[in-house]
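Worksheet: one structure, shown below.
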Amino acid sequence: MISLHDVSKIFNSGKANEYAALRGITVDIAPCRVTVLKGPSGSGKTTLLSILGGMARPTTGRIVLFDREITSLPERFLSDIRRRTFGFIFQQFNLIRGISLLENVMIPAYPMGERHGLLKARAMSTLEVYGLAGRAATRVELLSGGEMQRAAIARALINDPPVIIADEPTAHLDTKLSGEFLDHMTRLKDEGKTIIMASHDPLVIDAGLVDRIVAIRDGRLADGAAP
Ligand SMILES: Nc1ncnc2c1ncn2[C@@H]1O[C@H](COP(=O)(O)OP(=O)(O)OP(=O)(O)O)[C@@H](O)[C@H]1O
């Protein structure tokens, strides 16, 4: 469903500090499966996730999403595809402090132009699924760690994207919360979502829900990794 063909990402191209974060990556992400990008710090996992999720463009190579080449689409088309296709869960969750949980969850849907009342009702029912409806008006910085984690998942789901992308989602969670996070991902997988996570956490890598591990080292697929 997402195919990268010979993708590279060069930062600071042509300058003294030029750096090749990804080199010659060819990979196919299967639908309705859980794929984990595994590799040491600095190996290129976040860069690869950003390219898979349409948040960054490759320097060279091609991206095909649902049989459509999206490599060179103008930003306005790409951002529309990004919003409809992907839900993002960031390391440390990146919730916006100072505003309520409900507003945080609604933010990714604002550009879709839906009527405010409808969007609010949808956000509330998503919060209900995650046991957070009673906390909707609470500023996010007042939530517990577990609530923040569920809030981040709810926000990623607000546009009902087919693909969830999570960058080191358990890096700042204890074992119990990490297990709960994986339980949520298992349920989403059962609902047919495609899940792509970057992680070097053994709890994630060895989890039963993982269908495929893509190992990365120094910006390349590690030896033996099939596309
Ligand atoms: N905007 C940028 N400009 C220059 N170099 C960058 C930029 N973003 C990433 N890099 C470099 O590219 C390499 C890969 O970074 P990336 O964040 O993808 O690795 P990672 O595997 O996700 O690491 P971590 O597990 O520490 O998050 C690193 O050496 C990083 O310093």
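Here the sequence shown stands for residues 372 to 598, where the numbers follow the working numbering.
Backbone N, C-alpha and C define an ideal beta-carbon position, used for all residues, glycine too.
- Checking the 7 Å criterion, the Cβ of residue 530 is out of range of every heavy atom belonging to ligand 1.
- In the DSSP assignment, residue 505 falls outside any alpha helix (DSSP H) and carries neither an H nor an E.
- When rounded, the separation of the alpha-carbon atoms in residue 565 and residue 532 is 9 Å.
- Scanning the stretch 472-546 for uninterrupted alpha helix (DSSP H) segments of 4 residues or longer gives 472-477, 487-500, 516-528, listed from N- to C-terminal end.
- If you draw a straight line from the Cα of residue 374 to the Cα of residue 560, it is about 20 Å long.
- Beta-carbon to beta-carbon, residue 486 and residue 502 are separated by about 26 Å, too far to satisfy the 8 Å threshold.
- Distance between residue 582 and residue 406, taken at the CA atoms: about 6 Å.
- In the three-state DSSP reduction, residue 577 falls in the coil class, being neither helix nor strand.
- Rounded to the nearest whole angstrom, the CA to CA distance from residue 408 to residue 423 is 11 Å.
- By the criterion of at least three beta-carbon pairs nearer than 8 Å, the stretch 425-441 is not in contact with the stretch 538-551.
- Burial of residue 552 is indicated by the presence of at least 16 other C-beta atoms within 10 angstroms of its C-beta.
- In this structure, residue 430 has its beta carbon at no less than 7 Å from each heavy atom of ligand 1.
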